[in-house]
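Novice:
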Amino acid sequence: MKIISTEFLVGAVSAKQYPKEPLPEFAFAGRSNVGKSSLIKSLLNRKKLVRISSTPGKTREINFFKINNAIMFADLPGYGFARVAPALQKKWKKMLEEYLSQRNPLIAIIFIVDIRRKPTELDLTLKEWLEELDRDYILLITKADKLSAAERQKQVKIIKAAFMGENALDFIIYSSKNHTGRKELWSTMEKLARHQRDTPFGA
Ligand SMILES: Nc1nc2c(ncn2[C@@H]2O[C@H](COP(=O)(O)OP(=O)(O)O)[C@@H](O)[C@H]2O)c(=O)[nH]1
Ligand SMILES: [Mg+2]
Numbered sequence: 006m007k008i009i010s011t012e013f014l015v016g017a018v019s020a021k022q023y024p025k026e027p028l029p030e031f032a033f034a035g036r037s038n039v040g041k042s043s044l045i046k047s048l049l050n051r052k053k054l055v056r057i058s059s060t061p062g063k064t065r066e067i068n069f070f071k072i073n074n075a076i077m078f079a080d081l082p083g084y085g086f087a088r089v090a091p092a093l094q095k096k097w098k099k100m101l102e103e104y105l106s107q108r109n110p111l112i113a114i115i116f117i118v119d120i121r122r123k124p125t126e127l128d129l130t131l132k133e134w135l136e137e138l139d140r141d142y143i144l145l146i147t148k149a150d151k152l153s154a155a156e157r158q159k160q161v162k163i164i165k166a167a168f169m170g171e172n173a174l175d176f177i178i179y180s181s182k183n184h185t186g187r188k189e190l191w192s193t194m195e196k197l198a199r200h201q202r203d204t205p206f207g208a
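Have a look at this one:
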């Protein structure tokens, strides 16, 4: 996908602030430091992006970006940041729940995990949530460049076993450093967006 325009629309803390434009939407979720900002920047071919903060645990809003006037990205706040107070974690949960249960244009969540890590409890909680709410997701295994081919294979197997639930549409191995997987992710998202436009009644 050729990126012609990237427009930051709004940082929302509640549903009434979400953009009203009914564009096919993809949301990005993962624990803090997993590489979410890097992934979005890699996808959009940008070195810097408004509202894509480099400070871990900083984002407390759902940031909406309109891409090429055709697709919406929702950057969900990262989770599992150690220094976040319990009250804020509660707020995070409420915000996510509201978004995942109410957001109609949402086609799929890009569920990001680190290829080097064992599945954590919080990641598994998110997966269970997505299954419960019947939300489709794409398992995005990032930082692939950090491992050798043999280690990669081993980790992908473990991660797939933990996260490829019923609502998983696909899995993609990614590196924001050398853009491995970028073409594949874009073509998957474009296919899903096209399908939604062709079958507006959810047929
Ligand atoms: N080698 C490598 N480093 C990455 C990759 N993605 C992210 N990083 C690094 O991981 C750290 C956290 O990335 P960031 O995108 O800020 O994570 P976020 O907190 O999820 O937004 C940064 O130091 C990035 O440079 C990747 O695909 N490969
Ligand atoms: Mg970030």
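Those letters in the sequence shown? Residues 6 to 208, by this note's numbering.
All C-beta atoms, glycine included, are put in the ideal place defined by N, C-alpha and C.
Looking only at its own chain, which residues have a Cβ that is under 7 angstroms from the Cβ of L138, when we skip the five neighbours before and after it?
Specialist: The residue labelled residue 138 in the question sits at position 133 within the sequence shown. Counting only Cβ-Cβ distances below 7 angstroms, and skipping sequence neighbours, we find L105, S106.
Novice: Within 7 angstroms: the Cβ of S235 and any heavy atom of ligand 1?
Specialist: The shown model of the chain, from 6 to 208, leaves out residue 235, and the question about it has no answer.
Novice: If you check the beta carbons only, do M100 and V18 fall under 8 angstroms apart?
Specialist: Walking along the sequence shown from the start, residue 100 turns up at place 95. Walking along the sequence shown from the start, residue 18 turns up at place 13. Their beta carbons are under 8 angstroms apart, which means M100 touches V18 by this criterion.
Novice: List the endpoints of the continuous alpha helix (DSSP H) containing V161.
Specialist: As a first step, residue 161 is located in the sequence shown; it is residue number 156 there, counting from the start. Where V161 is concerned, the enclosing alpha helix (DSSP H) stretches over 154-168.
Novice: Under the rule that 16 or more other beta-carbon atoms within 10 Å means buried, what is R51, buried or exposed?
Specialist: Within the sequence shown, the letter at position 46 stands for residue 51. When all chains shown are included, R51 counts as exposed.
Novice: If you count every other CB in all the chains shown that lies within 10 Å of the CB of Q158, and 16 or more means buried, which is it?
Specialist: In the sequence shown, residue 158 corresponds to position 153, counting from 1. With fewer than 16 Cβ atoms within 10 Å of its Cβ, Q158 is classed as exposed.
Novice: Tell me whether the stretch 138-151 and the stretch 179-188 touch, counting them as touching only if at least three CB pairs, one residue from each stretch, are closer than 8 angstroms.
Specialist: Touching, yes, given that three or more Cβ pairs across the two stretches are closer than 8 angstroms.
Novice: At a cut-off of 7 angstroms, is K21 close to ligand 1 when judged by its beta-carbon and the heavy atoms of the ligand?
Specialist: One-based indexing of the sequence shown puts residue 21 at position 16. Every heavy atom of ligand 1 is 7 angstroms or more from the Cβ of K21, so no.
Novice: Between which two residues does the alpha helix (DSSP H) harbouring D3 extend?
Specialist: Here the chain comprises residues numbered 6 to 208, so residue 3 is not present and cannot be evaluated.
Novice: According to the Cβ coordinates, are L127 and G85 closer than 8 angstroms?
Specialist: As a position in the sequence shown, residue 127 is number 122, starting the count at 1. As a position in the sequence shown, residue 85 is number 80, starting the count at 1. Going by C-beta atoms, L127 is nearer than 8 angstroms to G85.
Novice: Measuring from the CB of K53, is there a heavy atom of ligand 1 at a distance below 7 angstroms?
Specialist: By 1-based counting over the sequence shown, the position of residue 53 is 48. Incorrect: K53 has no Cβ contact closer than 7 angstroms to ligand 1.
Novice: Compare the beta carbon distance of I117 and F31 with 8 angstroms and say whether it is the shorter of the two.
Specialist: The residue given as residue 117 occupies position 112 in the sequence shown. The residue given as residue 31 occupies position 26 in the sequence shown. No, they are not a contact pair.
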